[in-house]
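Structure first, commentary second.
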Amino acid sequence: MFPAAPCHPRPQPRTPLVGMVVGVVVVMVVVPLLPPTAALWLGGCDGALGMESGGIPDTAITASSSHDHIVGPHNAR
Numbered sequence: 001m002f003p004a005a006p007c008h009p010r011p012q013p014r015t016p017l018v019g020m021v022v023g024v025v026v027v028m029v030v031v032p033l034l035p036p037t038a039a040l041w042l043g044g045c046d047g048a049l050g051m052e053s054g055g056i057p058d059t060a061i062t063a064s065s066s067h068d069h070i071v072g073p074h075n076a077r
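Residue 13 in UniProt numbering sits at position 13 of the sequence shown; the count goes up by one each step and never skips.
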């Protein structure tokens with residue numbers, strides 16, 4: 001009658017655990033191979049800005065207004 005259809009096993013669905021393990025392995029293998037970036041360098045974030053020493057004159061400092069009383073210029077440091 002009809003030719004026999006080839007018998008292909010159904011692919012098994014991947015469980016969430018398998019996907020998570022694959023993701024962790026990819027991160028563990030790929031991330032160390034990436035070059036470091038200077039965008040993550042935080043070494044200069046704690047230095048002086050020049051306000052206390054007078055390096056930035058008072059005339060160069062401005063403030064802006066805000067609709068929210070909590071974040072207005074009067075609360076600036």
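The C-beta atom is built at its ideal place from N, Cα and C for all residues, glycine as well.
Asked, Found
"Where the alpha helix (DSSP H) containing L17 begins and where it ends", "P16 to V30"
"Helix, strand or coil at D46 [DSSP, three-state]", "coil"
"Coarse secondary structure for A63, derived from DSSP in three states", "coil"
"Cβ separation of G50 and I56, assumed to be a contact under 8 Å, to the nearest whole Å", "4 Å"
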